[in-house]
Structure formats: structure tokens, C-alpha cells
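Chemist:
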Amino acid sequence: MHWAAAGGHLPVVQYLIQDGCEVDVLDGTSWTPLMSISVLTGDTAAASLLIKAGADVNVQDRDGKTPLMVAVLNNYEHLVKVLLENGADPNIQNQSGVSAVEMARAFERKNIISLLMNKD
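When we follow the numbering used here, the leftmost residue of the sequence shown carries the number -16, and every step to the right adds one.
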């Protein structure tokens, strides 16, 4: 699932979901497929498929990072928007006590800061 999702192989992702593959399965780095997308590609279509199938948008890896935090760090503005629209919490903190909002400010991601601050 990780390979298919991060690679944007939507038909494969859809097949795996229909075949019952767990959408929040962890790899060796404690990442779910949604986290892999946030790290590697920012693919909103694959992310949306996973979210629609029940992927946890607020899952945290072993360092406490969420998909939203990683999307912010990688400047994937469109993915940040999709995650926020689907319930991602910008105020969750990682193990160092830093939130996605603070990360966006630290890296001067002005467009992303605006998205995070205007979340309903």
C-alpha cells in the first residue's frame, strides 16, 4: 500500500482498498501510507482515496509527527488543504512540543500559515 500510495498508482491503491488492505498499516518507520505521501510526493488524489477509505489524518509517527506536519515541512500546500478539510488538527504537537502551525511559522510558509490559521 505504501509503494502504491506514494507512487500515485491510484488503480492499485483502489484495488488494495477494495481487497481489504488496511489503510493505516505501518511500515518500518512507523509511517502509514498517508504519511508516506506527505513525506514523498504530496499526491492529493492518492491521499483523498486513503482518507475516503478511513485513513487517520491525525496519526502520529514515533516522533509524534502527523501527516499535516510533514506536508507543512515539505511545503505541499494542496495536501495541507486536503488534510485540513478532512479533520487534520493543526494544534497537535510532536514529541518536541511543536505543532504544524509553529513549523509553518519557523519555515515561513506564508500560504500554509494562512490555511492553518483560517481552519474552521
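We put the beta carbon where it would ideally sit given N, CA and C, even for glycine.
The structure presented is a predicted model; accordingly, all values stated were derived computationally and were not measured.
Who are valine 76's beta bridge partners in DSSP?
Modeler: The displayed chain sequence assigns glutamine, not valine, to residue 76. Paired residue(s): Ser82.
Chemist: Using the beta-carbon count (16 or more within 10 Å), is glycine 80 buried or exposed?
Modeler: Glycine 80 is exposed by the Cβ-count criterion.
Chemist: Rounded to whole angstroms, what is the Cα-Cα separation between valine 40 and isoleucine 20?
Modeler: The straight-line gap from Cα to Cα measures roughly 12 Å.
Chemist: Among Leu(-1), Arg92, Ser97, which has the Cα closest to the Cα of leucine 32?
Modeler: If we check each option's Cα against that of leucine 32, Leu(-1) comes out closest.
Chemist: For a test of the three-state rule: what should DSSP assign to alanine 38, helix, strand or coil?
Modeler: Coil at alanine 38, not helix or strand.
Chemist: When you compare the stretch 0 to 14 with the stretch 43 to 55, are there three or more beta-carbon pairs, one atom per stretch, that lie closer than 8 Å?
Modeler: The stretch 0 to 14 vs the stretch 43 to 55: in contact.
Chemist: Terminal residues of the continuous alpha helix (DSSP H) containing valine 110?
Modeler: Past the edges of the chain, shown from -16 to 103, lies residue 110, and the structure says nothing about it.
Chemist: Measuring only the C-alpha atoms, how far is valine -5 from alanine -13?
Modeler: Their backbone Cα atoms lie some 6 Å apart in a straight line.
Chemist: Please report how far the alpha carbon of alanine -11 lies from the alpha carbon of glycine 70, in whole angstroms.
Modeler: Cα to Cα, the separation comes out at about 21 Å.
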